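Engineer: There's a structure below that I have some questions on.
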Amino acid sequence: MATSRPSITLRPARPDDLPDLLAIEAASFTGDRLSRRALRRWLRVPYGRCLVAERAGAIVAYGLASLHRAGRVARIYSLAVAPGARGSGLGGRLLAALESTARERGYAVARLEVPATNAPARALYRAAGYAERERLPGYYEGGGDGLRLEKRLDG
Ligand SMILES: CC(C)(COP(=O)(O)OP(=O)(O)OC[C@H]1O[C@@H](n2cnc3c(N)ncnc32)[C@H](O)[C@@H]1OP(=O)(O)O)[C@@H](O)C(=O)NCCC(=O)NCCS
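If you use the working numbering, the sequence shown corresponds to residues 465 to 619, in order.
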């Protein structure tokens, strides 16, 4: 018998999503995690744009961008998909949705940092059109290098 997969909806995060966001964060990163306090703040500040992906009532991914008023560069601040939901296009969808908000608000460029050793994330960003701009030695908590990537949103 054919089974249908529950559909996924993207929506802005709400304050009561915080425990789910923290669980995804814990399952996705070993260092440089966003704390409860930091995440709560991101949900409140006007320049924070946080989207969640919901499947059958459960949050399975989130993406966070920093869109400062009058800025030209939108920062993709965090992107994480729960381990059981990876590989089905959610990371790409969330990233595209954040970019589209940034574009609508007049941002010309999206920028992000990624650990040089994070092959899945680097592949996702490459597929989404990001180019390496700078290497950031010792950028992460454990001393690992980062890469700064950028994509033009107005091209
Ligand atoms: C990186 C991450 C967000 C990707 O999310 P995802 O939903 O699994 O990614 P998608 O299914 O949207 O994949 C989009 C593209 O990314 C690339 N990609 C994703 N996972 C990959 C993997 N494990 N290996 C190689 N390429 C991968 C592929 O190019 C893929 O396109 P394809 O499916 O057509 O081949 C997810 O693995 C994750 O949450 N990792 C832990 C947290 C993290 O590293 N976040 C990024 C911090 S900078």
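Backbone N, C-alpha and C fix where the C-beta goes; we use that ideal spot for every residue, glycine too. Computed from a predicted structure; not experimentally measured.
Beta carbon of residue 537, beta carbon of residue 525: below 8 Å?
Structural biologist: No, the pair does not count as a contact, with Cβ atoms beyond the cut-off.
Engineer: For the 8 Å Cβ check, are there 3 or more pairs between the stretch 556-574 and the stretch 604-611?
Structural biologist: Not touching, per the Cβ criterion.
Engineer: Checking 8 Å against the spacing of the C-beta atoms, do residue 614 and residue 567 come in under that value?
Structural biologist: Cβ atoms of residue 614 and residue 567: not closer than 8 Å.
Engineer: Using only the heavy atoms of ligand 1, determine whether one of them is closer than 7 Å to the beta carbon of residue 552.
Structural biologist: Indeed, a heavy atom of ligand 1 lies less than 7 Å from the Cβ.
Engineer: Would you kindly report the start and end of the unbroken beta strand (DSSP E) that includes residue 522?
Structural biologist: Counting along the chain, the beta strand (DSSP E) containing residue 522 begins and ends at 522-530.
Engineer: Less than 7 Å separating the Cβ of residue 555 from some heavy atom of ligand 1?
Structural biologist: Yes, the beta carbon of residue 555 sits closer than 7 Å to at least one heavy atom of ligand 1.
Engineer: In the DSSP output, which residue or residues are listed as bridge partners for residue 572?
Structural biologist: Note: residue 572 sits in no beta bridge, so no partner.
Engineer: Do the stretch 546-554 and the stretch 499-513 touch if we need at least three Cβ pairs shorter than 8 Å?
Structural biologist: No, the stretch 546-554 is not in contact with the stretch 499-513.
Engineer: Tell me the rounded alpha-carbon separation between residue 519 and residue 605.
Structural biologist: The alpha-carbon atoms of residue 519 and residue 605 are separated by roughly 32 Å.
Engineer: Please go through the stretch 467-514 and give each complete alpha helix (DSSP H) segment of 4 or more residues, from N-terminal end onward.
Structural biologist: The stretch 467-514 contains these whole alpha helix (DSSP H) runs: 482-492, 500-508.
Engineer: Which partner residues does residue 614 have in the DSSP bridge list?
Structural biologist: The partner list for residue 614 (beta bridge, DSSP) reads 575, 595.
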